[in-house]
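Before any comments, here is the structure.
Number of protein chains: 2
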Amino acid sequence: MTFARREYHERAARTRERMRERAIDVLVVTEPASMHYLTGYDGWSFYTPQGVVVAADGELLLFTRQMDANGARLTSWLGDEQILGFPEELVQQRDRHPMQWAGAELIRRGLAGGVVALEMDSYFLSPRAYEALCASLPGTRIVDSEELVGWVRAVKSPAELELMSRAARIMERVMRVAIDAVEPGVRQCDAVAAIMAAQASGTPEAGGDYPAIVPMLPTGVGTSAPHMTWSDAPFRAGEATVLELAACHRRYHCPLARTVFLGDPPAKLTTIAAVVEEGLEAALAAVRPGATCESVEAAWRALIGRHGLEKSSRIGYSVGLGYPPDWGEHTMSLRPGDTTPLEAGMAFHMILGMWMDDWGFELSETFRVTERGAECLCSVPRGLTVKR
Amino acid sequence: MTFARREYHERAARTRERMRERAIDVLVVTEPASMHYLTGYDGWSFYTPQGVVVAADGELLLFTRQMDANGARLTSWLGDEQILGFPEELVQQRDRHPMQWAGAELIRRGLAGGVVALEMDSYFLSPRAYEALCASLPGTRIVDSEELVGWVRAVKSPAELELMSRAARIMERVMRVAIDAVEPGVRQCDAVAAIMAAQASGTPEAGGDYPAIVPMLPTGVGTSAPHMTWSDAPFRAGEATVLELAACHRRYHCPLARTVFLGDPPAKLTTIAAVVEEGLEAALAAVRPGATCESVEAAWRALIGRHGLEKSSRIGYSVGLGYPPDWGEHTMSLRPGDTTPLEAGMAFHMILGMWMDDWGFELSETFRVTERGAECLCSVPRGLTVKR
Chain A
10 MTFARREYHE RAARTRERMR ERAIDVLVVT EPASMHYLTG YDGWSFYTPQ GVVVAADGEL
70 LLFTRQMDAN GARLTSWLGD EQILGFPEEL VQQRDRHPMQ WAGAELIRRG LAGGVVALEM
130 DSYFLSPRAY EALCASLPGT RIVDSEELVG WVRAVKSPAE LELMSRAARI MERVMRVAID
190 AVEPGVRQCD AVAAIMAAQA SGTPEAGGDY PAIVPMLPTG VGTSAPHMTW SDAPFRAGEA
250 TVLELAACHR RYHCPLARTV FLGDPPAKLT TIAAVVEEGL EAALAAVRPG ATCESVEAAW
310 RALIGRHGLE KSSRIGYSVG LGYPPDWGEH TMSLRPGDTT PLEAGMAFHM ILGMWMDDWG
370 FELSETFRVT ERGAECLCSV PRGLTVKR
Chain B
10 MTFARREYHE RAARTRERMR ERAIDVLVVT EPASMHYLTG YDGWSFYTPQ GVVVAADGEL
70 LLFTRQMDAN GARLTSWLGD EQILGFPEEL VQQRDRHPMQ WAGAELIRRG LAGGVVALEM
130 DSYFLSPRAY EALCASLPGT RIVDSEELVG WVRAVKSPAE LELMSRAARI MERVMRVAID
190 AVEPGVRQCD AVAAIMAAQA SGTPEAGGDY PAIVPMLPTG VGTSAPHMTW SDAPFRAGEA
250 TVLELAACHR RYHCPLARTV FLGDPPAKLT TIAAVVEEGL EAALAAVRPG ATCESVEAAW
310 RALIGRHGLE KSSRIGYSVG LGYPPDWGEH TMSLRPGDTT PLEAGMAFHM ILGMWMDDWG
370 FELSETFRVT ERGAECLCSV PRGLTVKR
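Written as structure tokens, this is what we have:
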């Protein structure tokens, strides 16, 4: 177990508290990160339907495909009687669905008939799964949990922050390896080989786990877009490469982005790099408990505006525990309109991506909120890395 | 572009043909692999809503987050006017959703009002996205596409099979590296570092892309469950490790599973390994155009039954193009009840996983169907690998 059993119980208690506030009788958690948060279960089984059932009272239940039940026994703190495997014959069939089985289980256990909340914007609850569950629970009111467990996860415990700090030590190594690997003539895939090896090996103290997103390393004209992965074409002199990477330790993430230029960078790139770095400092300086998410973005916006720049997309989001396809927690965003007040123990990936017509620049830091302000988890030089 | 433009046009034509057969006017494709199949678009942007719109007539349209539109321009064959970016302010908000915008676009382009098919069991169409789209398309009949593009993908072209064959060359190296890396005292994460580096580097001719699933390597009692990833604990003498891995080249997969034992294996393991290998041969021998998916499984079932063994889960599924979280195509399965006839050009991952109370064994092959029968893509010894 990654955490003391008491910590898992506290997580469930805080989840139930929020359920009570919203008069939710039963919560079905299908987001793998939230399932892991509540139970410790870890495995790549989220490609078939599964979930954790939290009732206002009573024990947690985890349901998954029959073949994955052993994995839940091995990795979660749940007792055997709390782990339910659905029959193999329900997997990927057109005329039946595992969620019909899950609905029947809820009824059998007296958990239907009230208000059941689902994670309606989860990757791992399809419309078909949703409709199958609704149809099997007549007389039950189905509501959107609105990322309920995501909000419980927003403030990290000391034990969670310690895991993120270990991920940060890995991340510092990963970025060093990545910057070393990007050289003219080197195939992108060979640089990724070095990056992924560093991500997995981690440090002697803390092994690496798989990040929720693979290395993203747009290069050349590709830097005009985020989220590009790689090819087997070589890096070229006279081009920039954005390295948006993460390290992960026991499912806890520390993402970091830097930009590298091979050769003499054009003035527009060095100029934007300086402005973005200044903007990052302004935004980080605005972080303190009680400040709102939007006020942090406003500090950035004001600074880059003075240099004639603007950015329409958010500059960060809550981060921590994650599974593919996203290390973001889908709760807080650093952007106008998000009036969530910051609290000590929250953690964010502040990602400043500037994507132009045919070029771009990225810089990011993962920070946690402390009583004294933002504390960046990594120590990696921030400026444009120029390799001549 | 990975394929000739003509091949993309043929894919769209075959998609429209199936749409006509089912009286579908507009298909909204949200599965990243199917989006890629139709357009060539490649990027890790599927964590926010996006889709490809196929109308019975007219050009394809791709919609994605505004910041990802450049990525679609760079990687797809679509013209600029076919790529639509939705505003950043719609991303991860509680009071609005990108699919409302998508619905309005369909109406504006005269694509609403008829029969619109959605991929109702897609990971990347949430119930909230589905409801937002439905609500924004009054008077439109929404139906389940039932993996329509997945079925178009079932028979691979020679160009696609060539990519899978290159992935197989990578896979042979990856398995060699993996078997070498599993040694008593070696941390699991360090073995994964070697595996992932081999996956990414690929061969001198073909670089590696990221597989849809990270390395799975249950070890010790963990072999009683599939889908276990890794920790930083060391491998131990006297224990088995299952290596279920894949290589990927330009999004095309070749998965392969083998089992390694460190030391002298117990008799139950060597016995099951021999039976499973014999069962694999029997199942492969049953493969020929016109044979059904279930008949292949029946050959396996009959053979292991003679040795007193049974397996409740399917023994394989269609494989090829894939994105996380699954390299399986969610169409054909090798199991009772699947009466799909095999055709030359189909490809399957035949995975024989035997999960017992506290131990297990896995063996797999990726094969394609040819006029002469099954042709395995990799050449890797099949028996239990014993390292003394």
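As they're listed, the protein sequences go chains A and B. Taking this note's numbering, I'd label the letters of the first sequence as residues 10 to 397. Taking this note's numbering, I'd label the letters of the second sequence as residues 10 to 397. We put the beta carbon where it would ideally sit given N, CA and C, even for glycine. Note that the structure is a prediction, hence the values are computed from the model and not measured.
Output needed in chain order: residues of the segment 146 to 166 of chain A with a Cβ under 8 angstroms from some Cβ in chain B.
Taking 8 angstroms as the Cβ-Cβ cut-off against chain B, the residues of the segment 146 to 166 of chain A that qualify are 153, 155.
Could you please tell me which residues of the segment 303 to 321 of chain A, in chain order, have their CB closer than 7 angstroms to any CB of chain B?
Those residues of the segment 303 to 321 of chain A that come within reach of chain B (Cβ to Cβ, closer than 7 angstroms) are 321.
Are the C-beta of residue 92(A) and some C-beta of chain B separated by less than 8 angstroms?
To locate residue 92(A), count along the first sequence from 1; it is residue 83. No - not a single Cβ of chain B is within 8 angstroms of the one on residue 92(A).
With 16 other CB atoms within 10 Å as the buried threshold, where does residue 31(A) fall?
Working through the first sequence from its first residue, we reach residue 31(A) at position 22. Looking at its Cβ environment, which holds fewer than 16 other Cβ atoms inside 10 Å, residue 31(A) is exposed.
Find the residues of chain A that neighbour residue 134(B), judging by a C-beta separation of less than 9 angstroms, and give them in chain order.
Counting from one through the second sequence, the residue named residue 134(B) turns up at place 125. One finds 135, 136 in chain A with Cβ atoms closer than 9 angstroms to the Cβ of residue 134(B), taken in chain order.
Residue 231(A) versus residue 83(B) - alpha carbon distance:
On the first sequence, position 222 is the one that residue 231(A) refers to. On the second sequence, position 74 is the one that residue 83(B) refers to. Each residue's alpha carbon lies about 7 angstroms from the other.
DSSP has residue 355(B) in a bridge; who is on the other side?
Position 346 of the second sequence holds residue 355(B). Per DSSP, 164(B).
Is there a C-beta anywhere in chain A that falls below 8 angstroms from the one on residue 22(B)?
Along the second sequence, read from residue 1 onward, the residue named residue 22(B) stands at position 13. So no, residue 22(B) is outside the interface.
Closer than 9 angstroms, Cβ to any Cβ of chain A: which residues of the segment 255 to 278 of chain B, in chain order?
For the segment 255 to 278 of chain B, the beta-carbon criterion of a distance under 9 angstroms to any beta-carbon of chain A is satisfied by 258, 259.
Check whether chain B comes within 8 angstroms of residue 195(A), counting only Cβ atoms and requiring the distance to be less than that.
In the first sequence, counting from the first residue as 1, residue 195(A) sits at position 186. No, its Cβ sits nowhere closer than 8 angstroms to a Cβ of chain B.
Within the same chain, show all residues whose beta-carbon is closer than 7 angstroms to that of residue 378(B), passing over the 5 residues directly before and after it, in chain order.
Residue numbering aside, residue 378(B) sits at position 369 when the second sequence is read from its first letter. 296, 298, 351, 352, 353, 354, 355, listed in sequence order.
Within 10 Å of its beta-carbon, does residue 91(B) have 16 or more other beta-carbons around it, so buried, or fewer, so exposed?
Within the second sequence, numbered from 1, the residue matching residue 91(B) stands at position 82. Buried, by the Cβ-count rule.
Would you kindly work out how many angstroms separate the C-alpha atoms of residue 263(A) and residue 56(A), rounded to a whole number?
What you label residue 263(A) is simply residue 254 of the first sequence in a count that begins at 1. What you label residue 56(A) is simply residue 47 of the first sequence in a count that begins at 1. The alpha-carbon atoms of residue 263(A) and residue 56(A) are separated by roughly 24 angstroms.
Contact with chain A by residue 46(B), beta-carbon distance below 8 angstroms:
Along the second sequence, read from residue 1 onward, the residue named residue 46(B) stands at position 37. Closer than 8 angstroms: no.
Rounded separation between residue 291(A) and residue 308(A) - CA only
For the purposes of this step, residue 291(A) is taken as the residue at position 282 of the first sequence. For the purposes of this step, residue 308(A) is taken as the residue at position 299 of the first sequence. Looking at the two C-alpha atoms, the distance is approximately 6 angstroms.
DSSP state of residue 340(A), grouped into three classes?
Within the first sequence, numbered from 1, the residue matching residue 340(A) stands at position 331. Reduced to three states, the DSSP call for residue 340(A) is strand.
If you measure from the beta carbon of residue 55(A) to each beta carbon in chain B, is any gap under 8 angstroms?
As a working note, residue 55(A) is residue 46 in the first sequence. With 8 angstroms as the cut-off, residue 55(A) counts as an interface residue toward chain B.
Please return the same chain residues whose Cβ sits closer than 8 angstroms to the Cβ of residue 212(A), not counting the five positions on each side in sequence.
In the first sequence, the residue the question calls residue 212(A) occupies position 203. The residues are 175, 178, 179, 182.
At a Cβ threshold of 8 angstroms, is residue 201(A) touching chain B?
Residue numbering aside, residue 201(A) sits at position 192 when the first sequence is read from its first letter. So, interface residue.
Does the beta carbon of residue 101(A) come closer than 8 angstroms to any beta carbon on chain B?
For the purposes of this step, residue 101(A) is identified with residue 92 of the first sequence, where counting begins at 1. With its beta carbon less than 8 angstroms from one in chain B, residue 101(A) belongs to the interface.
Compare the C-alpha of residue 142(B) against each of 173(B), 60(B), 359(B), 222(B) and name the closest.
As a position in the second sequence, residue 142(B) is number 133, starting the count at 1. Closest by C-alpha distance to residue 142(B), out of 173(B), 60(B), 359(B), 222(B), is 60(B).
How would you label residue 348(A), buried or exposed, when you count the other beta carbons within 10 angstroms and need 16 or more for buried?
Numbered from its first residue, the first sequence carries residue 348(A) at position 339. Its Cβ having fewer than 16 others within 10 Å, residue 348(A) is exposed.
Taking only runs of the beta strand (DSSP E) that begin and end inside the segment 241 to 284 of chain A, which ones reach a length of at least 3 residues, in chain order?
Within the segment 241 to 284 of chain A, the runs of beta strand (DSSP E) that reach at least 3 residues and sit entirely inside it are, in chain order, 249 to 258, 261 to 271.
Going by the DSSP bridge assignment, what does residue 418(A) pair with across the sheet?
In the structure as shown, chain A starts at 10 and stops at 397, and residue 418(A) therefore has no counterpart that could be examined.
Determine, using beta carbons only, whether residue 432(B) comes closer than 8 angstroms to chain A.
Residue numbering for chain B in the displayed model covers 10 to 397; residue 432(B) lies beyond these limits and cannot be assessed.
Kindly indicate which residue of 173(B), 80(B), 171(B) has the alpha-carbon position closest to the one of residue 233(A).
Taking the first residue of the first sequence as 1, we reach residue 233(A) at position 224. When each option's Cα is compared against that of residue 233(A), the closest is 80(B).
Backbone secondary structure at residue 77(B) - three-state DSSP
The residue labelled residue 77(B) in the question sits at position 68 within the second sequence. Helix, per DSSP.
Does the beta carbon of residue 131(A) sit closer than 8 angstroms to a beta carbon anywhere in chain B?
Position 122 of the first sequence, counting from 1, holds the residue named residue 131(A). Closer than 8 angstroms to some Cβ of chain B, the Cβ of residue 131(A) qualifies, so yes.
Of the residues 259(B), 225(B), 203(B), 73(B), which one's Cα is nearest the Cα of residue 58(B)?
In the second sequence, the residue the question calls residue 58(B) occupies position 49. That would be 73(B), whose Cα lies nearest to the Cα of residue 58(B).
Does the structure place the segment 219 to 227 of chain A close enough to the segment 137 to 152 of chain A that three or more beta carbon pairs sit under 8 angstroms?
Using a C-beta cut-off of 8 angstroms, the segment 137 to 152 of chain A makes no contact with the segment 219 to 227 of chain A, since fewer than three inter-stretch Cβ pairs fall below that distance.
Pick from 18(A), 117(A), 359(A) that is closest to residue 294(A), judged by C-alpha positions
Within the first sequence, the letter at position 285 stands for residue 294(A). The shortest Cα separation from residue 294(A) among 18(A), 117(A), 359(A) belongs to 359(A).
Just to confirm, is the Cβ distance from residue 237(A) to residue 227(A) under 8 angstroms?
To locate residue 237(A), count along the first sequence from 1; it is residue 228. To locate residue 227(A), count along the first sequence from 1; it is residue 218. Between residue 237(A) and residue 227(A), the CB-CB gap stays under 8 angstroms.
Would you say residue 373(A) reaches chain B, if we count a Cβ-Cβ gap shorter than 8 angstroms as a contact?
What you label residue 373(A) is simply residue 364 of the first sequence in a count that begins at 1. Cβ-Cβ to chain B under 8 angstroms: no for residue 373(A).
Does residue 26(A) pass the burial test, meaning 16 or more other C-beta atoms within 10 Å, or should it be called exposed?
Residue numbering aside, residue 26(A) sits at position 17 when the first sequence is read from its first letter. Exposed: under 16 other Cβ atoms inside 10 Å.
With 16 other CB atoms within 10 Å as the buried threshold, where does residue 197(B) fall?
On the second sequence, position 188 is the one that residue 197(B) refers to. It is buried - the Cβ of residue 197(B) has at least 16 other Cβ atoms within 10 Å.
When burial is assigned at 16 or more other CB atoms within 10 Å of the CB, is residue 205(A) buried or exposed?
Counted from its first residue, the first sequence places residue 205(A) at position 196. The residue is buried, with at least 16 neighbouring Cβ atoms inside 10 Å.
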